[in-house]
Each structure stands twice: as structure tokens, then as C-alpha cells.
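Everything on this sheet refers to the single structure shown next.
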Amino acid sequence: MANIPTEKAPKPGLNIYGFDSPNPAKCRIMAEKLGISYNYVNLNPGIGEFKANWYVGSVNPNGKVPAIVHVKEDGTSVTVWESAACLLYMAHEFDKDNKFSYSVGMPEYWSQMSWLSWQISGYGAMMGQAAHFNRYAPSPEEGATSRFVAGDRMTVADFAVFIFAHSAKWCGIDINEFPHVKAWHDTLAQRPAIQKAPQVPGPFPFGDEAVSKTEGPELEFLRGIRKVGTQGIKAAHDEWKKKVVPVPSDWANYEEEAPPASDKPQV
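The UniProt record's numbering puts the sequence shown at residues 1 to 267.
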């Protein structure tokens, strides 16, 4: 931790590292619902602070957000990264009464784990891809019921799914086309803690209401973040010069006979 800038160094207690995006908001929602104090360390994505040597070397080797650093009373600390791992750690450490989680081994626990895993591997990933192509890519390309996600009460799985449903329009999706999802979203959105969490450290800029504004600082922010995102994606695309390694099953999806290997295009 010695190389972390003083203003970014973890303080005693729970520290959440992130910036304005859905995944860090999951952790803020969890902390607010648990009613625990936390230090939110806001990183600057515009200068790539989440890729800085101090962050990658001391907080998250994957260079992503969120990450948490829990500095305990005895001076020891635990660092966790990836949103699902952060949520489960927070449930283990701060939700001893299982208000928003289930005890390990219960059938409901595994249901919670299934939905949480679905969120991080399927729903969240696809929403991220939708935002990538619909909002950041230089050239856009074509091509639940009212009960809670993990059972009959709110759990960490709901927190993880909610913030992406809350950002549906930014991903190019009209949540109103899915009335059951909309009703579930609106039920959670009425909870004071879930209303508060997206306001840390400032108003969440990707919610449907925020992205629909035609003027004001929100619009200017979104224009700026899209410009930065588009430039970053284009730079990464231009840098990728490798060819796809061929395998024997190539061309199996074509009805016509595959051309000789020497005639196959190198992509």
C-alpha cells in the first residue's frame, strides 16, 4: 500500500474503489442497505487511473472497478476485487444477521449464488456489450416477475441486477418493453438506501432519467465520456494486428465446399 497516493489510500474501515459505472454502484447499494459507513475512493477514468501502477499493484491487478479494501480494527486489511466477490465479502463481514444474504448451505443461498453468477456472467456482460456497441463504438452495429431475484426477499443478487436495469436506456434498451422487469426495478427504486447509493460520490450519470436529458451538465458529461470511450475502443482496435489462428473446423458453417487451405482468406 506504500505506493498509493495519500488521497487514494484506504482508511480504517471499508473502502470502495470505483468511478461512475454500474459495477461499483452494486457495492455502494450493499453498504447503504447494511447501514455501514464506508470511504468511497473515486478514480478518474479520463486519465486511466484504474490502470495506474499503484492501483494495479496494490488494489486490483486486473485494473478494473470495483475493488474493496477492508482495513480492520487490528490493523490488518483484506483486498477483494470483482463485484460479485466484493458483494459476498461484504455479506460475510457485515451481514451477520443475513438481512440481505442467506447462510451458506441453505437452498436459498445457492439460488442467490445462481442469480448472482448469472448477473456477472450473462446479464451484466451482455448489457456491457450493448453499451459498448450502442454508445461507445465509433460505428454502431446492428446485428422477472415482481418478486425478488433470488427468492421472496431482497438479496445481494438484486443489488447486482438492479443497477444494470437502472441503466437500460444507456445500453440501448427500453425497459418499458419488459413490464415485469420494470415493476421489479421500480419496487427496488423506492427503497431509500437504493436511492442514496447512486448519489455517491455524485448523481449516477447512466440512469434512464439522466441519459434522457437534453441539456445540462449530465448531457455534457455523457458526451465527454462517449468521446473518451470511443477513442479508447478505436485505439485498442487499431492496436490489434494479430491474425486468427485457423483450426480444422473452420468453414464448417458454409454449405459450399471449403476452398483449399492456400485459398482461405487470412482474417
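The C-beta atom is built at its ideal place from N, Cα and C for all residues, glycine as well.
Nothing here was measured: the structure is a model prediction, and the numbers come from that model.
Residue i by DSSP, collapsed to three states: which one?
i, result
"Asn-23", "helix"
"Thr-79", "strand"
"residue 268", "Because the chain here runs from 1 to 267, residue 268 falls outside it and cannot be looked at."
"Ala-67", "strand"
"Leu-43", "coil"
"Ile-29", "helix"
"Gly-151", "strand"
"Asn-53", "helix"
"Glu-239", "helix"
"Gln-190", "coil"
"Phe-221", "helix"
"Gly-122", "helix"
"Ser-101", "coil"
"Ala-210", "helix"
"Val-181", "helix"
"residue 305", "The shown model of the chain, from 1 to 267, leaves out residue 305, and the question about it has no answer."
"Pro-205", "coil"
Residues in the same chain with beta-carbon distance under 6 Å from residue i, minus the five sequence neighbours each way, listed in chain order, please.
i, result
"Ile-68", "Ile-16, Val-80, Cys-86"
"Asp-208", "Lys-169"
"His-185", "Ala-165"
"Phe-148", "Met-154, Asp-158"
"Phe-50", "Leu-43, Gly-63, Val-65"
Here's a check: name, in chain order, each residue in its chain whose Cβ is nearer than 7 Å to the Cβ of residue i, leaving out the five neighbours to either side.
i, result
"residue 269", "This structure leaves residue 269 out entirely; the chain is present only between 1 and 267."
"Pro-205", "Asp-20, Glu-218, Phe-221, Leu-222"
"Asp-95", "Leu-34, Ser-101"
"Phe-136", "This sequence places Tyr at residue 136; Phe is not what is there. Closer than 7 Å at the Cβ level, and outside the excluded window around Tyr-136, lie Arg-226, Gly-229, Thr-230, Ile-233."
"Gly-46", "Val-228"
Rounded C-beta distance between residue i and residue j? I'm assuming under 8 Å.
i, j, result
"Met-90", "Ala-31", "7 Å"
"Gly-48", "Val-56", "Not a contact, Cβ separation roughly 11 Å."
"Tyr-109", "Ser-117", "The pair is not a contact, with the Cβ atoms about 12 Å apart (cut-off 8 Å)."
"Ala-151", "Ser-111", "At residue 151 the sequence reads Gly, which differs from the Ala that was named. Indeed, because the Cβ distance is near 6 Å, the residues count as touching under 8 Å."
Leaving out the 5 sequence neighbours to the left and right, which residues in its chain are closer than 8 Å to residue i when beta-carbon positions are compared?
i, result
"Ser-212", "Lys-169"
"Lys-196", "Glu-32"
"Pro-24", "Ile-16, Tyr-17, Gly-18, Val-65, Pro-66, Ser-83"
"Ala-193", "Ile-29, Glu-32, Lys-33, Gly-35"
"Val-59", "Ile-4, Tyr-17, Ala-67, Val-69, Thr-79, Trp-81"
In this structure, what does DSSP give as the bridge partners for residue i?
i, result
"Asn-15", "Asn-39, Val-69"
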